[in-house]
Every structure is written in structure tokens, then in C-alpha cells.
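Worksheet: the structure to be examined is printed underneath.
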Amino acid sequence: MLVRLRPVAFILVLLVIWQIAISSHPGQLLPGPWQTLRGIGDLLQHGLLLKYVVASLFRVTWGFLLAAAIAIPLGLTIGWYSRAEMAFNPLVQIFRPISPLAWIPIAILWFGVGDLSAIFLIFVGCFFSLLLTAMSAVHNIPDVYINVGRNFGLSTPAFIYRVLYPAVAPQLIVGLRITLGIAWLVVVAAEMIAVNSGLGFLIVDARNAGNRYDLVVAGMVVIGLIGLLLDLAMRSLEQVKSFRWGFPEN
Amino acid sequence: MNSLAKAATWEKFFWPLLTAALLLAVWHYSVIWTATKVFPSPLSVEKGLVELAHKHVLWADIIDSLRRVATGFGLAAIIGIPFGLALGWYPALNQIFNPVLQILRPISPIAWIPVAIIFFGIGDKPATFLVFLGAFFPIVVACASGVSNVPSIYRRAGRNFGLSSPQILARVVFPAALPQILIGLRIALGIAWLVVVAGEMIAVDSGLGYLVIDSRNSGKRYDLVVAAMLIIGVIGLALDVIFRQVEKIRSVRWGFRS
Amino acid sequence: MDHVRKIFERDGNSISVLEDISLDVRNGEFICLVGPSGCGKSTLLNVMGGFLSPTSGSVAIDGETVQGPDPRRILVFQERGVFPWLTVEGNIGFGLSKLSDAERKQRIAHYVQLVRLQGFEHSYPSDLSGGMKQRLQVARALAVNPDILYLDEPFGALDSVTRFIMRGELLRIWQTERRTIIFVTHDIDEAVQLADRVVVLSSRPAKIQDVLTIDIEHPRNLSSPRYLELRDQLAQKIGLAFSA
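Chains as they are written, first to last, in the working numbering: chain A, 23 to 272; chain B, 4 to 261; chain C, 899 to 1142.
The structure is reproduced here in C-alpha cells:
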């Protein structure tokens, strides 16, 4: 029982240190834990928190799903046909290290300042990650499964549905979880630059319009918590029985 | 993977070149066809690249970005690797620190900018701090899981031969975990590169990220924007390739089955 | 098989794995391919099954040249052959999608019984032991009524007790539902216990060293003089094969 409390105790210790550090420097701009908590309350009261969280989640959902719908089938195909991989891999490798945020000027040019821009940026961030995940998942299918599929004379659509997809599913789910994390990082950053709502915007706005650092840190804490929740939600998906087979094998 | 005949060596160059050529053609003709006044055509991007190369600013920007990556990543590695190893080795430590890490990790490094500016002012330091944050978490996670994934057989063998705990960690566990740690470092380096560019778009006034944003803001020079993006991509790729070469050094290679 | 040769190219070097293999197999026969590790037995099996094409020569079944894998000739792999995302029933029913629901259920039930996996119909392979997984693979293979069954060291990953039991099971199944079986192994006892004819392959590049006919009736007494005699003969021939 005591062991379980260790992380909690540690967090409490950190909070205390934080509070002390702040209190011992009066006139300090940064808030202490208590102020941050009040900041969160403040945001909740004004309905801003909910509004911004919804805005951020909305963009993440759209960007993420669009990227998944396109990148996964594309990635599976490219991974499967060696010539396709030869054709596209160099291009992918060059585009991948370009931060999604570097696309902001283009995003604004094409979509203006607003939701679409943010969704586009999230799409870019998720697209390459999912593409590579799908490609690698196909590579990692043990040859045995493919040979069995061929042996039983499956037609190509049947093969894709009954062998390929189940075989790659566990790896895809892990990739989806990691990519969702990326999406969450991108949306916050994108909102700090290119949009006028959302949690990222909250941080920038709170600072610009009045140095409300209590709201800044409050925003950061909320971002961290929601990101964590998203991750946990995806992990529980990994536990679904028909996907679980993939994990003991690893 | 496909059951079709094995591809010839020349095809390794043919297909990507063909695809690139097609892409450039599509790009070129879309620009003409939509008669856009702002979006650059491949030719203007090429000219932009040349223009940038001649301007001293480009090289200074590249060096700035690389410097921040080097510092931030280096710090993250120096602090993160021992920390991660400890977390993997002592489950009690992991239990204590993990929840905090899990909460801090999903906070985009960019979101730390206001806080970073308070601590470090404007300039190099906040950007380096952001890079540090971006690289720190993946490194810690990779080290921790690298250590905990070392088969207990190895640890037991170490103890069998009379090694003390720190010796086992250094002489058995660390080499065993090294392949995974290197992969984590490589990924963290990639993230560092992404973060530095993003950070430079907000918090600093030099570097490749700044070049991207500045080219747009001062004159809508989209040709330079795209040129800068390509440079960012190529350098990022180069970093990745170089690191992969490090992974290939033979004494480390045992962990990778071809 | 007619003068089958197989040459692999790797890193610019040609490695000749199979050299001039010619063999006739009768319907319903149980043939064992025996040879030292790495000699190319699995390659030969894959060529027979149509998963690899010969560099020269051909494989014909009932007069028809083999072009590729076919459900009439199912290969049972040494390990990881069953699909981990399907239950026992799902695996056995894998090749039966063209049947009606009722027929499929019936066939699945029949083969579950045959390989003695009753009670595990809804279990996943991760809940099964190694021997059970191999039995599942055999059931899946038999369910589609193939003409030929290829087995690539199917018991190689199992412990010796299980292997012994599995041999008995395989013979029992074979005698109930007779097919042509081609069985690859490096275990001499296994070959003599199971096969009608044993084909001895030399080390790489593999040629047919010898063909031994096992003329003992099933069930074979493993202590009978004839059994031991044949076993020693085979051991001798393999001894030659090792030094070839």
C-alpha cells in the first residue's frame, strides 16, 4: 500500500518545492501550484477551457483520421511492392524531417488562418509517421503467413482482408497511438502560431494579453493531462482481445 | 515482398527518379494551370536555393540550427541516458518518476516557450532548451525500456561471475541494451531537428525555422520558403543517415539481425 | 520431379542448392526426405510446393506442371504456421470459405476430432502448446482435402516426447485419410518409423544419394530386427551423406 503512494508522494514533494521556489522570489512572473489550480478554475468558470479543449480535439480528430485513411492503405501498398517502395522512399525520407510547423506559410497560403490550416498541419505531421509505420508493418509480416495465404489459393482481396490486415493490425495500433501523441504535440504548436482558438492559442494569448502566466501554466498542465488521457485510451484499445495476440510474440 | 521477380539494381535509381520527375512535372504544370501568383514553381525554388546559397545568411542559419540541436541533444543525452538507465534498473525509481514523466511528455516543447523565455530570455538559450525537452523524453524512455528488456539470463550470468550491481549494469546490461538505446537516440535526434525548426519560428531570430517564417513575412518570398523547407528536409535526412552509420559499427551491430 | 536444379543468387555469388533431382512419387505414398542440416531439403520441398521455381527442370503432378502454390498441395511449416489472430476453429476453417455454413461447421468439427483438439475450438493459438499448434496446422491442411501434404520438419521445434506422440498421431491420421505425404526431417528414427520410402539427400548441393524402401507393415515395432536393420542402413547412408 505504501509502495503505491510513492509516486503520489513524489509529486507532492515536487509541488512543494515548486511552491517554495515561487514564494521565495516575490514579484516572480511564474505561478505556483496553487495559483495554477486557481487558473484552471478560472478558465473553467469562463467556459474557455471547455471551448478550447473541444477546438483542439476537433482539429486533432480530423487531421489524424484523414492522415490515417490515406497513409495506412498507401503505406501498406508501398511496403508490399518493392518497386513502389523504391520509387517513393527517397521522397518520403526527405519530407519526413521537415517539421510540420515549417509548413505553416504554405498552410496559411492555401487555407488561411483557421481550422483548416491547423488540420492540414496535423495531417502532415501524422501522414509521414503513419506511412512509415504501415510500411514497416508490412515488412515485418513473417513470410510463413504470406506463404500459407498463397498456399490456400486466396484471391488478392481475400488475402488482403484475411491475412495482411490481421497480420499488421497490432503494429498499426501501436503506430496509431504514437502518431496520436504526435498529433497532440503538433496541434498545440500549430495553435500557438496559426490559429485563434484552442489550447495552444490559450498559452500564447494569456501571455500576450496581460502576462497571465498562471493561465499559461494552467494551459500547459491541461495539455499534459489530456495528452496522457489520449495515450491511455489508445493503450486500452491495444488490449482488445483480437489484437492482443500480437504482443506476446514481440 | 512482392512475389514478382527481384528488381534489378538500376531500378533502385530509376523508380525514385521517375517519381520525382513526375512530381516536379505535376507541380510545374499546376502552378501554370492555376495561374497562381504566389506559390512558387520548381524553377523559382531552384533559383531561390541558389540565391540563398550565395547569401551568407543561409550558412549562418544552418550553423545556428545545427548548433542548437547539438547543444540541446547533447545535454539531453548526457542527462537522459544515465537517468533512463537508472529508471530501467531500479523499478522503484521508475515507479516514482514515471507518472510525472507521463504528464510532462505530451506537452509540446513549443508550449514551453513562454516559460522558457522567462527563464532564459530571448535568443539561443530558449531554443536549446526546447530541443533539450524534445529529445529528453524519448531518450529516457528508450534507455529505460532498453534496460528492462535485457533478458534476465544475462543479469544472472553477470551475478554468477561475481560482478557487483554497478559492474553488471556497466558491463552486461548497458552493452546488451545499447542497440535499443542507439535507436532511441536516433529518433530523439530526428525529434530534436523538428523541434529546433519549430522553435526558431517563434522564439528566435536566426536559424532555418526563422528563415522559413521570415521569408514569408518580409516579402511573401514563397520560393525561399519552399527552398528553406527542402534544405531542412535534406539536412534532417543527412543527420539520420549519419547516425545510422554509427549504428552499423560492428561492435554494436550484434543487436541487429539483418 | 524431373532433373530439378535450383541455384540461388546471393550477393553476387551463385549458390547451387539442388542439383539434378529426379524422383517419382506414387499416389498415397509416405515419403521422407532425409539429409544433413542445410543440405536443401526445405528448398526442395518449397520447389515441389510451387513456392520456389526451379532454375531448370520441372515438377509435375498427375502430368500437370507445377506453376505456383495451390490448395491441392498444402505445406505444413515447422513453426509459426498457424494464424495467431484466429481461433482453432477459425484456422481450420481458413480454406473453407467456398463451402456453405453447415458444411464448413461439419468439416471443422470432423477435423477437430481427428487431431484431438476437442474442447479447444474457441481457443487462440497462444493458449496452445507447440504440439497442439502443429496438430492444428495439420487439421487446417487436411480440411481442404488436398492431394498432397508437404511437411517441413513439422516436429522439429517440439520436445522428444511430444515428437514421439505426434508421429503416432500423424500415422493414425494418414491411415484414416490417406494422402500422399512428403515429409522432411533430419531425424533417422523418424524417417524409418513413418515412411514407405526414404530419400537420402547429400549435403549441399543436394543430390539424391539413395532411396531406401521401408518394407515393414504399420504399426511398426521399433524393436523388431528388421526395423533396426533398416535404421542402421539408413544411418550408414546418412553417414556417407555427411561426408559427401
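Glycine included, each C-beta is placed from N, C-alpha and C at the ideal position.
Just so you know, these numbers come straight off a predicted model, no measurement behind them.
Proximal residues to residue i (C-beta, below 7 angstroms), its chain only, five neighbours per side dropped
i, result
"I96(B)", "The question names Ile, but residue 96(B) in the sequence shown is Leu. Here the set comprises A89 and L90."
"L252(A)", "L202 and W206"
"A230(B)", "V48, G51, L52 and L55"
"S258(A)", "none"
"A147(B)", "G87, L90, G91 and N97"
"L221(A)", "Y74, V75, S78, V210, E213, G241, V244 and I245"
"A201(B)", "I113 and G212"
"D968(C)", "G948"
Between the CA atoms of residue j and residue i - distance to the nearest angstrom
i, j, result
"P141(B)", "A180(B)", "15 angstroms"
"A173(B)", "V150(B)", "11 angstroms"
"D64(B)", "W196(B)", "14 angstroms"
"S219(A)", "Y74(A)", "6 angstroms"
"G87(B)", "I195(A)", "25 angstroms"
"P1023(C)", "M1030(C)", "8 angstroms"
"N173(A)", "Q965(C)", "12 angstroms"
"P95(A)", "L198(A)", "13 angstroms"
"R229(A)", "S121(A)", "24 angstroms"
"I200(A)", "P178(B)", "27 angstroms"
"V170(A)", "L973(C)", "8 angstroms"
"I186(B)", "A79(B)", "15 angstroms"
"F16(B)", "M108(A)", "8 angstroms"
"Q248(B)", "G83(B)", "22 angstroms"
"S167(B)", "R28(A)", "27 angstroms"
"P48(A)", "G124(B)", "19 angstroms"
"V35(A)", "Q50(A)", "21 angstroms"
"R1129(C)", "L1049(C)", "21 angstroms"
"N1043(C)", "Q1016(C)", "20 angstroms"
"L27(B)", "A106(A)", "18 angstroms"
"D208(B)", "D165(A)", "52 angstroms"
"H1116(C)", "I913(C)", "40 angstroms"
"V226(A)", "R70(B)", "27 angstroms"
Own chain residues within Cβ distance below 6 angstroms of residue i, not counting five before or after
i, result
"D1045(C)", "R970"
Status (buried if at least 16 other CB within 10 Å, exposed otherwise) for residue i
i, result
"V60(B)", "exposed"
"R189(B)", "buried"
"T74(B)", "buried"
"F989(C)", "Reading off the sequence, residue 989(C) comes out as Asn, not Phe. Answer is buried; the Cβ neighbour count reaches 16."
"K1135(C)", "buried"
"Y183(A)", "exposed"
"I215(A)", "buried"
"R924(C)", "exposed"
"I1121(C)", "Just to set this straight, residue 1121(C) is Ser in the shown sequence, not Ile. Per the 10 Å Cβ criterion, exposed."
"P952(C)", "buried"
"G249(A)", "buried"
"E1088(C)", "buried"
"I100(A)", "buried"
Per-residue contacts from residue i into chain B (C-beta, under 8 angstroms)
i, result
"M256(A)", "What M256(A) touches in chain B: nothing, since even the nearest Cβ is about 12 angstroms away."
Contact list for residue i against chain A, beta-carbon separation under 9 angstroms
i, result
"R978(C)", "P164, V166, Y167 and E271"
"F949(C)", "N169, R172 and N173"
"K128(B)", "By Cβ distance, chain A contributes nothing, its closest Cβ being about 16 angstroms from K128(B), past 9 angstroms."
Chain A contact residues for residue i, given Cβ-Cβ distances below 8 angstroms
i, result
"D968(C)", "N173 and G175"
"I121(B)", "L51, L52 and Y235"
"Y32(B)", "Residues of chain A passing the Cβ test: none, with the nearest at roughly 18 angstroms."
"E14(B)", "R105 and M108"
Same chain, Cβ closer than 8 angstroms to residue i, neighbours up to 5 away in sequence not counted
i, result
"N152(B)", "A180 and Q183"
"I1071(C)", "L1012, V1013, V1036 and L1040"
"I126(A)", "S139, L143, A212, I215 and A216"
"T83(A)", "none"
"A31(A)", "none"
Neighbouring residues, chain B, relative to residue i (Cβ below 9 angstroms)
i, result
"F110(A)", "W18, P19 and T22"
"I245(A)", "P109, I110, S111 and A114"
"D253(A)", "Q105, R108 and P109"
Beta-carbon neighbours of residue i, restricted to chain B and to distances below 7 angstroms
i, result
"I225(A)", "A114 and P117"
Contact list for residue i against chain A, beta-carbon separation under 7 angstroms
i, result
"N163(B)", "Here the premise fails: no neighbours, minimum Cβ distance about 28 angstroms."
"L1047(C)", "None at all; the shortest Cβ gap to chain A is about 11 angstroms."
"V945(C)", "Per Cβ cutoff of 7 angstroms: no residues; V945(C) is ~13 angstroms from chain A at best."
Cβ-heavy atom distance, residue i to the ligand GDP, below 7 angstroms
i, result
"V146(A)", "As far as ligands go, the structure on display features none, and thus does not contain the ligand GDP."
Contact set between residue i and chain C, taken where Cβ atoms lie within less than 9 angstroms
i, result
"P188(A)", "F981, P982, W983 and L984"
Touch check for the stretch 179-195 of chain A and the stretch 36-48 of chain A: three-plus C-beta pairs under 8 angstroms?
-> no
Three or more C-beta pairs below 8 angstroms linking the stretch 52-62 of chain A and the stretch 230-239 of chain A | yes
Do the stretch 100-120 of chain A and the stretch 221-238 of chain B touch if we need at least three Cβ pairs shorter than 8 angstroms?
-> yes
Any contact of the stretch 1063-1078 of chain C with the stretch 913-922 of chain C, i.e. 3+ C-beta pairs under 8 angstroms?
-> no
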